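Novice: Per our numbering, the very first residue in the sequence shown carries number 114; after that it's consecutive. Starting off with a structure, shown below.
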Amino acid sequence: MRKKLLLGNWKMNKTPSEAKAFALAASEMVDYAVAHNIEVGVAPTFVSLAAVKENINPKCIVAAQNVNEHDHGAFTGEVSIAMLKEVGIDWVILGHSERREYNGETSPVCNLKIKALLAADMTPVYCCGESLDTFEKGQTKEWVSKQIREGFAGLSAEDAKKVVIAYEPIWAIGTGKSASKETAEDTISFIRGVLRELYGETAEEIRILYGGSVKPANVAEYMSEPDIDGALVGGASLEPDSFKGLIEGMLK
Ligand code: 13P
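Below, the structure written as structure tokens:
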């Protein structure tokens, strides 16, 4: 049985003091989610990770939005796994479409990062998803299949089941134009099919989230689909009330 997961990706929002305020406000709702068998987490920017980790309910996952695949060295502006671990972070989002677009993060680079994280007993959240053009040309499946195969290259089934996947169609991110639950399920069940081809029965243990304009009002629709195990949420994860609404929506 795959556990439901709600992850808030704060992107480049909230200063450390704002992030801390959210952390302090979230204590009860994290208990509520966990009591109802939902795992929850937030992904602040690097400079807010320590403040959030120190002030949030310890049952809440705190994830970074990126990590470098090298141990240390001359990589100006980058953050290593050891640095994250020292502030208590063990989840990292990788391959978000914004990082793919603005920071040249490719699937093969994500593959190196996934391997480095798994070697450090950390949990990668690997994002995939197609542009509007690819969607309209009917090439979504081909596109995400490549992203999944490249991201998971060389991973054993034992490793693969520790990775969380987030399917986020780029045209649905921050646009208010969410994918229908049928479209999301169609692609996510396809992704599970690719995983089945690669890993057999282990595919049933890998969690796949939907992301793209998820709100308290529509999260229940996605959760009603058999292959969708949770949500990666941007805008609607930023305020405690809305985050609580997402948790409640997931329980409907
Ligand atoms: P929105 O929920 O703001 O559409 O963002 C989705 C996303 O990119 C989460 O990673």
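Ideal Cβ placement from N, Cα and C applies to all residues, glycine included. Fair warning: this is a prediction, and the values are worked out from it, not measured in the lab.
1. Any chance the CB of G281 is under 7 Å from a heavy atom of the ligand 13P?
2. Tell whether a beta-carbon distance below 8 Å holds between E237 and L207.
3. Excluding the 5 residues flanking V175 on each side, which residues of the same chain have their C-beta closer than 8 Å to its C-beta?
4. Is it buried or exposed, D354, if we count other Cβ atoms within 10 angstroms and call 16 or more buried?
5. Express the C-alpha separation of E131 and R320 in angstroms, rounding to a whole number.
6. Can you find the residues in the same chain that come closer than 6 Å, C-beta to C-beta, to K128, ignoring five residues on each side of it along the sequence?
7. In this structure, how does DSSP classify I174 when only helix, strand and coil are distinguished?
8. Since G324 and A349 are thought to touch, with beta carbons under 8 Å apart, how far apart are those beta carbons, to the nearest angstrom?
9. With a threshold of 7 Å (Cβ to nearest heavy atom), would N122 be considered close to the ligand 13P?
10. Taking the beta carbon of S210 as the centre, do at least 16 other beta carbons fall within 10 Å, making it buried, or is it exposed?
11. Going by DSSP, which residues form a beta bridge with E152?
12. Tell me which residue opens and which closes the alpha helix (DSSP H) that T236 is part of.
13. What residue from T300, W123, A330 and L119 has the CA that sits closest to G251's CA?
14. Return yes when the C-beta of G325 is under 7 Å from any heavy atom of the ligand 13P, and no when it is not.
15. Quick check: what's the CA-CA separation for R262 versus I286?
16. Under 8 Å, do N122 and V346 count as touching if we go by C-beta distance?
17. In terms of residues, what are the limits of the alpha helix (DSSP H) holding V165?
18. Using only the heavy atoms of the ligand 13P, determine whether one of them is closer than 7 Å to the beta carbon of I278.
19. Verify whether the separation of the beta carbon atoms of F159 and A177 is less than 8 Å.
20. Should the region 191-201 be regarded as contacting the region 136-146, the criterion being three or more beta carbon pairs within less than 8 Å?
Specialist: On the basis of the data shown:
1. What sits at residue 281 in the sequence shown is Glu, not Gly. Taken from the Cβ of E281, at least one heavy atom of the ligand 13P lies inside 7 Å.
2. The question names Glu, yet the displayed sequence has Pro at residue 237. Going by C-beta atoms, P237 is nearer than 8 Å to L207.
3. Closer than 8 Å at Cβ, skipping near neighbours: G154, V155, A156, P157, L162, V165, K166, I169, G201, I202 and W204.
4. By the 10 Å Cβ count, D354 comes out exposed.
5. Each residue's alpha carbon lies about 30 Å from the other.
6. In the sequence under discussion, the amino acid at residue 128 is Thr, which differs from the Lys named in the question. Closer than 6 Å at Cβ, skipping near neighbours: no residue.
7. Reduced to three states, the DSSP call for I174 is strand.
8. A349 and G324 do not touch by the CB rule: their CB atoms are close to 11 Å apart, not below 8 Å.
9. Within the cutoff, so yes.
10. It counts as buried.
11. Residue pairing of E152 in beta bridges, as defined by DSSP: L118.
12. That residue, T236, is in no alpha helix (DSSP H); its beta strand (DSSP E) goes T236 to C241.
13. It is T300.
14. Result yes, Cβ under 7 Å from the ligand 13P.
15. Whole-angstrom Cα-Cα distance: 23 Å.
16. Yes, the pair counts as a contact, with Cβ atoms nearer than the cut-off.
17. Boundaries of the alpha helix (DSSP H) around V165: F159 to N168.
18. In this structure, I278 has its CB at a distance of at least 7 Å from all heavy atoms of the ligand 13P.
19. Their beta carbons are under 8 Å apart, which means F159 touches A177 by this criterion.
20. No, the region 191-201 does not touch the region 136-146.
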